[in-house]
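J.: One structure is given below, represented as C-alpha cells, and several questions about it will come after.
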Amino acid sequence: MVTQECLPAPLHREPEPQILNFQTQQHKLFPVLATAYAFTFVGQYMKQTYNRISGDIHEGDYSGLPELHALSAGLKAFTTWAANGAIEVCRMSCGGHGYSRSSALPDIYVEFTPTCTYEGENTVMMLQTARCVPPVLQVPAEELLPGQGGQQLQGSVSYLSRLQPQPVSAGVPPLNIQDLASLVQVYQLRAANLVELAATSIQQELQLRRSQEDAWNSSAIDLVRASDAHCHYVVVKLFADKLRQVEDPAVTSVLSTLALLYSLHGIASNSGDFLKAGLLSVPQALQVSAHIKELLIQLRPNAVALVDAFDLNDKKLNSVLGRYDGNVYEHLFEWARNSPLNASEVHESFHKYLKPLRSKL
1 MVTQECLPAP
11 LHREPEPQIL
21 NFQTQQHKLF
31 PVLATAYAFT
41 FVGQYMKQTY
51 NRISGDIHEG
61 DYSGLPELHA
71 LSAGLKAFTT
81 WAANGAIEVC
91 RMSCGGHGYS
101 RSSALPDIYV
111 EFTPTCTYEG
121 ENTVMMLQTA
131 RCVPPVLQVP
141 AEELLPGQGG
151 QQLQGSVSYL
161 SRLQPQPVSA
171 GVPPLNIQDL
181 ASLVQVYQLR
191 AANLVELAAT
201 SIQQELQLRR
211 SQEDAWNSSA
221 IDLVRASDAH
231 CHYVVVKLFA
241 DKLRQVEDPA
251 VTSVLSTLAL
261 LYSLHGIASN
271 SGDFLKAGLL
281 SVPQALQVSA
291 HIKELLIQLR
301 PNAVALVDAF
311 DLNDKKLNSV
321 LGRYDGNVYE
331 HLFEWARNSP
341 LNASEVHESF
351 HKYLKPLRSK
361 L
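As C-alpha cells, this is what we get:
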C-alpha cells in the first residue's frame, strides 16, 4: 500500500502516488478484501451451525446432519479455491517483490494451496454437496411442486422448492444492482437455474436407459457448477444477513459497500450464467462494471483500516511488505542486507571463479 509508482514525465511535478491509488490495483485487491470479510462471516455461521447441530445430535436428533455435511463440503471447496486464487492475485499485485520470499506471499501460497486437495479434493467435495440434495437432482422438477406430493426442502436449499418445469428465469423481478436484497435474490435464481439444468441432464441420461451411476457421471460437470453456484449464493446471503446484526451505522455502511462489491464482482466474473438464465441484460452487465468502479472509490479511504481490523501481527505475517508500521523500503533493505548471500561485500564465488578468469585476460 505504501509503495510508490513513477508516473509519465509530464506528471513528475506531483508527488508519486501510492500503488493502491491506481484503479487497476484496487480492482485486483478490493474484491479480495471483500471476499476475506465474506468468508469470515461464513466461518462464524458454520461454527454456530456445527455447535447447534452437534447439540441436536446429543439429543438424538440427526435431521440436521445432511445439511451440515452439504454446507461444509461445498463451502470447503468454494472458499479454498477462492482463497488460493486470491493469494496469487496478491502476489502478482506486488510485482517482483511479491515473488521474493521477503513478501512472505510465496510461503503463504505454498502453505495454503494443499487445502484444495487435503481433507477432500475440492471437485469431490462439490459432488458431495450435489448428492445431499437428491430430491432435486434425482426427481423430475414437477414432482417438487408443493401440493403435488413433492418434498418441501429445508435449510440452505429451501429456495429450490420453487423449481418449475418452465425456465427459472420466467417472471424474474428487475435487478437493482445497488440493493443487496435484490442481489441475494438473483444469486438464488442463478443457483436454482443451474441446479435445474443439472437435474435435467440427469433425467435425460436416465431416459436413455443409463444407470444412475452413469447418469451422474455424465452430468458431473453440471453438478459441480450447480454446487458452486449454490455455495456462492449461501456466501452472499450470509454476508447480507450479517449486516442486519451490526449495530454501528458507520460500520454497517462500510460493510454494506464491501458486500455490494463482493456480490457485483461475482456477477461480473460469472456474467455468462446470469445472462444465459435471463437474470441479467447486457445493459445491466455494463452497469455492474460501472458501479464496481464507484465502489472501489468509496472503499479506498477505509481499505487499510479494513485490513488492519483483522489484527494480524507482524511476527505472524513475517513480511516486509505487510508490516504495520509501513516502513517498506527500510525493511526491504534490511532484509537484503541480512541475506546470507550478502554476508560479505564480494561473494566468494567471484574470488573462486570470476577473478581467475579475469586475471587471464
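With UniProt numbering as the guide, the letters of the sequence shown map in order to residues 1 to 361.
C-beta atoms are modelled at their ideal positions from N, C-alpha and C, and glycine is treated no differently.
Give a yes or no on whether the minimum CB-CB distance between Gln25 and chain C is below 8 Å.
T.: No chain C is present in this structure, which holds just one protein chain.
J.: With which residues is Gln203 paired in a DSSP beta bridge?
T.: DSSP lists no partner for Gln203.
J.: Under 8 Å, do Val224 and Thr123 count as touching if we go by C-beta distance?
T.: Yes, Cβ-Cβ distance for Val224 and Thr123 is below 8 Å.
J.: Any idea if His347 is buried or exposed, counting beta-carbon neighbours within 10 angstroms, 16 or more meaning buried?
T.: Answer is exposed; the Cβ neighbour count stays below 16.
J.: Would Gly266 be called buried (16 or more neighbouring beta carbons within 10 Å of its own) or exposed?
T.: Buried: at least 16 other Cβ atoms inside 10 Å.
J.: Go through the segment 248 to 336 residue by residue and report every complete run of the beta strand (DSSP E) that reaches 3 residues or more, in order.
T.: Qualifying beta strand (DSSP E) stretches: none in this window.
J.: Buried or exposed: Leu357, going by 16 or more other Cβ atoms within 10 Å of its Cβ?
T.: So Leu357 ends up on the exposed side.
J.: Taking the C-alpha atoms as reference points, what is the distance between Asp228 and Phe22?
T.: Distance between the alpha carbons of Asp228 and Phe22: 32 Å.
J.: Between which residues of its own chain and Ser271 is the CB-CB distance below 8 Å, once the five residues before and five after are set aside?
T.: So the qualifying residues of the chain are Leu280, Ala285, Val288.
J.: Might you give, ordered along the chain, the residues of its own chain that have their beta carbon closer than 7 Å to the beta carbon of Ala259, omitting 5 neighbours on each side?
T.: These residues qualify, in order along the chain: Leu180, Phe239, Ala240, Leu243.
J.: Straight-line CA distance for Asp214 to Glu205?
T.: Each residue's Cα considered, the two are about 8 Å apart.
J.: Please report the residue range of the alpha helix (DSSP H) in which Asp107 lies.
T.: That run of the alpha helix (DSSP H) goes 105 to 112.
J.: Check for me: the alpha helix (DSSP H) holding Pro356 runs from which residue to which?
T.: Start and end: 355 to 359.
J.: What residue range is occupied by the uninterrupted alpha helix (DSSP H) comprising Val346?
T.: Counting along the chain, Val346 falls outside any alpha helix (DSSP H), and DSSP gives it neither H nor E.
J.: What are the partner residues of Gln245, as DSSP defines its beta bridges?
T.: According to DSSP, Gln245 bridges with nothing at all.
J.: Please state whether the Cβ-Cβ distance between Gly160 and Ala277 is less than 8 Å.
T.: What sits at residue 160 in the sequence shown is Leu, not Gly. It is not a contact, given that the beta carbons lie outside the stated cut-off.
J.: Quick one, which of Glu247, Gln25, Val236, Lys360 has its alpha-carbon nearest Ala38's?
T.: For the residues Glu247, Gln25, Val236, Lys360, the minimum Cα distance to Ala38 belongs to Val236.
J.: Which same chain residues, not among the five before or five after Leu68, have their C-beta less than 8 Å away from its C-beta?
T.: These residues qualify, in order along the chain: Thr49, Tyr50, Ile53.
J.: Is the separation between the beta-carbon of residue 371 and that of Thr35 shorter than 8 Å?
T.: Residue 371 lies beyond the range of the chain shown here (1 to 361); nothing can be said about it.
J.: Kindly list the residues whose CB is nearer than 6 Å to the CB of Ala191, restricted to its own chain and excluding five residues on each side of it in sequence; keep chain order.
T.: Once the five neighbours on either side are set aside, the close Cβ partners of Ala191 are Ala229, His230, Tyr233.
J.: Are Leu183 and Pro31 close, meaning C-beta to C-beta below 8 Å?
T.: It is not a contact, given that the beta carbons lie outside the stated cut-off.
J.: Along the alpha helix (DSSP H) that carries Thr24, what are the first and last residues, could you check?
T.: Counting along the chain, the alpha helix (DSSP H) containing Thr24 begins and ends at 23 to 58.
J.: Check whether the segment 314 to 328 and the segment 92 to 104 touch, using three or more Cβ-Cβ pairs below 8 Å as the test.
T.: A contact exists between the segment 314 to 328 and the segment 92 to 104.
J.: Measuring straight from C-alpha to C-alpha, what distance separates Tyr109 and Ser359?
T.: Approximately 45 Å between the Cα atoms of the pair.
J.: Using alpha carbons as the reference points, say which of Ala268, Lys293, Leu295, Glu294 lies closest to Val282.
T.: The option with the nearest alpha carbon to Val282 is Ala268.
J.: Going by alpha carbons, who is nearest to Ile292 out of Val157, Asp308, Leu208, Ser263?
T.: Out of Val157, Asp308, Leu208, Ser263, Ser263 has the C-alpha closest to the C-alpha of Ile292.
J.: According to the Cβ coordinates, are Thr129 and Ala73 closer than 8 Å?
T.: Yes, they are a contact pair.
J.: Return the chain-ordered list of same chain residues with a C-beta closer than 8 Å to the C-beta of Leu33, the five sequence neighbours on each side being excluded.
T.: Contacts found: Leu258, Leu299, Ala303, Leu306, Val307.
J.: Could you check which residue in His331, Ser256, Gln18, Thr24 has the C-alpha nearest to that of Ile177?
T.: It is Ser256 whose Cα lies nearest to the Cα of Ile177.
J.: How would you call Lys352, buried or exposed, if buried means at least 16 neighbouring beta carbons within 10 angstroms?
T.: So Lys352 ends up on the exposed side.
J.: Report the option in Ile57, Ser211, Cys94, Ala226 whose CA atom is closest to the CA atom of Leu18.
T.: Before going on, a small fix: residue 18 reads as Gln here, not Leu. Looking at the Cα atoms, Cys94 is the closest of the given residues.
J.: Among the residues of its own chain, which have a CB less than 8 Å from the CB of Leu175, if the five just before and after it don't count?
T.: Taken in chain order, the residues that qualify are Ser182, Leu183, Val186, Leu279, Leu280, Gln284.
J.: Going by other Cβ atoms of all chains shown within 10 Å of its Cβ, with 16 needed for buried, is Asn193 buried or exposed?
T.: By the 10 Å Cβ count, Asn193 comes out buried.
J.: Quick one, which of Glu16, Arg91, Tyr45, Lys76 has its alpha-carbon nearest Thr115's?
T.: Checked all of Glu16, Arg91, Tyr45, Lys76; the closest Cα to Thr115 is Lys76.
J.: Gln18 by DSSP, collapsed to three states: which one?
T.: Correct three-state label for Gln18: strand.
J.: Whole angstroms is fine: what's the gap from Val168's alpha carbon to Ser219's?
T.: Reliability of the predicted coordinates at Val168 is poor, the pLDDT of 47 falling under 50, and the value obtained from them is presented with this limitation in mind. Using only the alpha carbons, I get a separation of about 19 Å.
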